[in-house]
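In this note's numbering, the protein residues as written are 165 to 731.
Even glycine gets a Cβ: it sits at the ideal position worked out from N, Cα and C.
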Ligand code: PEP
Ligand code: MG
């Protein structure tokens, strides 16, 4: 069995088709012609111009085909449009022309320029640009294939029984693959946000990345199972195992179809209690999906992603525009925007330095902001200005441990917004200190947001990123459950609104425990909204109270998990 990272969910069963560097072979063949003399500039330039025209025309066709297959809307197809912009770009064209003028053949000129771009993207240190380097590779291979009048890819042997194993998948290749109806994709390179992964999700093909190519090559021609939920690749062992996965595939398919029926619904328990189901968002793609599935607003906007996608701290205007566009997308529905939560495992090279011995216990989130007031005040100004235009915006402060921190943050907000600002301010409850101090902290804020990811790690003293202690860093641990319950009891006593926004809120088995504690506001990732809406609809509030009581009486994680697994 091999493991990788799931970037597109699903189960695929089929024959492993190993696709190994077809491009290099083709490129070597077309540059094999030995040129003793320099190439003729005029004819090479004409070849390049013709190749660009064909490239643009082919892209239009690819786009038209792709749009028919998309399951998530049509904007993902714009990835291919960006390829046409690069090819038409004056800078790109001039560079190729420069090599042609030096007497190079077209193929070499294109490869050199594309490789230079790719290198530049890879060395930029910018995660977004690094992922975009696959787009440059894609453009290069397609241009070469046009010049050679041969395809650089040959997926003709793929069919609906195939699982494609490839070192790196390029965005336009997803378009070719879609036609073949393959079961799943396994790659070595590429992250969750690589364009190929975005497209794979958009067309609903299961995909796992980060798998050692040489290891998976040993499965060549064999029937394998890709269970991307668990990031697993398994050879088919026997009929029983095979059938079990076929059955699971069928169940997942019908469950997904059934979930789509809930896109326009509101969220209520079986006995009619209205629950607000908000979205955790990081970028505009999340906003789109959250709006599509009728989220009740945004429960957590992780703004650190705005900072991560820039090379330097984003200025007030850029932030203002982003906050406004999210707020606008949700109309009157609340949009809770969390101030910068960096440090811990979220390091931003131009802001933080990794010189702390225990970064999760160090200069993180609100502590970082107090130590870097220019950055903090810029963000607060952008938020307050955005709130003046969109009063559905609320501010959420992360990693609060003391009353003084709230007072200090409020003072800064008042300095900018004045005493009359109606902007609502909340705090994350994600440390034991905060959980113990709810009655006091609640006096100074409008709402509380329980972050079970960090709360679990700090209550259990178990790093949330360390596999070896993942059993401890769990919301099924009795200590964590008691901390959530205590937060709810004290927040109710203080009359303070509570939402829950950690991963526990999206755990369908755990939802009755949270409902039974009286939690009325859930915030989960947009892709989890429909399954959570369904789980809530199946949950009876009165029964949930009994479930919670029983869970709180249990002593171990195993007992709690066992009890909640029973249907
Ligand atoms: C949490 O800690 O539960 C949370 C929602 O915040 P993050 O995962 O961004 O730390
Ligand atoms: Mg957190």
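In this structure the region 640–653 does not touch the region 399–406; the number of beta carbon pairs closer than 8 Å is below three. Within the same chain, Cβ atoms closer than 7 Å to the Cβ of residue 437 are found at 705, the five residues on either side in sequence being excluded.
389 is the residue among 378, 379, 389 whose C-alpha sits nearest the C-alpha of residue 407. Per DSSP, the continuous alpha helix (DSSP H) segment holding residue 205 begins and ends at 205–233. In this structure, the alpha-carbon of residue 680 lies about 25 Å from that of residue 428. In this structure, residue 565 places its C-beta atom within 8 Å of the C-beta atom of residue 595.
When the Cα atoms are used, residue 426 and residue 495 turn out to be separated by approximately 21 Å. Around ligand 2, the residues selected by a Cβ distance under 5 Å to any of its heavy atoms are 594, 615, 618, following chain order. DSSP places residue 692 in no alpha helix (DSSP H); its state is neither H nor E. Beta bridge pairing from DSSP links residue 558 with 500, 588. When only Cα atoms are considered, residue 447 and residue 469 end up about 7 Å apart.
For residue 646, there is no enclosing beta strand (DSSP E); the residue is part of the alpha helix (DSSP H) that begins and ends at 642–658. Taking 7 Å as the cut-off, the C-beta of residue 533 does not count as close to any heavy atom of ligand 1. Of all alpha-carbon atoms in 608, 599, 382, 537, the one lying nearest the alpha-carbon of residue 580 is that of 537. Residue pairing by DSSP places residue 685 opposite 440 in a beta bridge. As computed with DSSP, residue 179 is found in a beta bridge with 326, 387. Judged by beta-carbon spacing, residue 693 lies beyond the 8 Å limit of residue 464, meaning their Cβ atoms are not closer than that value. Here residue 171 carries a strand assignment [DSSP, helix/strand/coil].
DSSP places residue 397 in the strand class (E or B) of the three-state scheme. Inclusion of residue 561 and residue 467 in the CB contact set at 8 Å is not warranted, their separation being larger than that value. By the Cβ rule, the region 652–665 does not count as touching the region 631–638, because fewer than three pairs are nearer than 8 Å. The beta strand (DSSP E) runs lying completely inside the region 462–529 and spanning 3 residues or more are 462–466, 499–502, given in chain order. Taking residue 476 as the centre and dropping the five residues before and after it, the same chain places the C-beta of 514 closer than 6 Å to its C-beta, in chain order.
Between the alpha carbons of residue 367 and residue 345 lies a gap of roughly 10 Å. DSSP, read as helix, strand or coil, puts residue 609 in coil. By the Cβ rule, the region 220–227 counts as touching the region 239–250, because three or more pairs are nearer than 8 Å. In the DSSP annotation of this structure, residue 269 is not part of any alpha helix (DSSP H), being labelled neither H nor E. If you check the CB distance, residue 327 and residue 176 come in under 8 Å. By DSSP's assignment, residue 663 forms a beta bridge with 613.
Inter-residue distance for residue 260 and residue 165 is about 45 Å (C-alpha atoms, whole angstroms). Ligand 1 has a heavy atom closer than 7 Å to the beta-carbon of residue 505.
One thing to note: residue 593 has its Cβ no nearer than 8 Å to the Cβ of residue 577. Between ligand 1 and the CB of residue 560, the shortest heavy atom gap is not smaller than 7 Å. Relative to ligand 1, the beta carbon of residue 666 is positioned inside 7 Å of a heavy atom. Pairing residue 664 with residue 686 gives a Cβ-Cβ distance under 8 Å.
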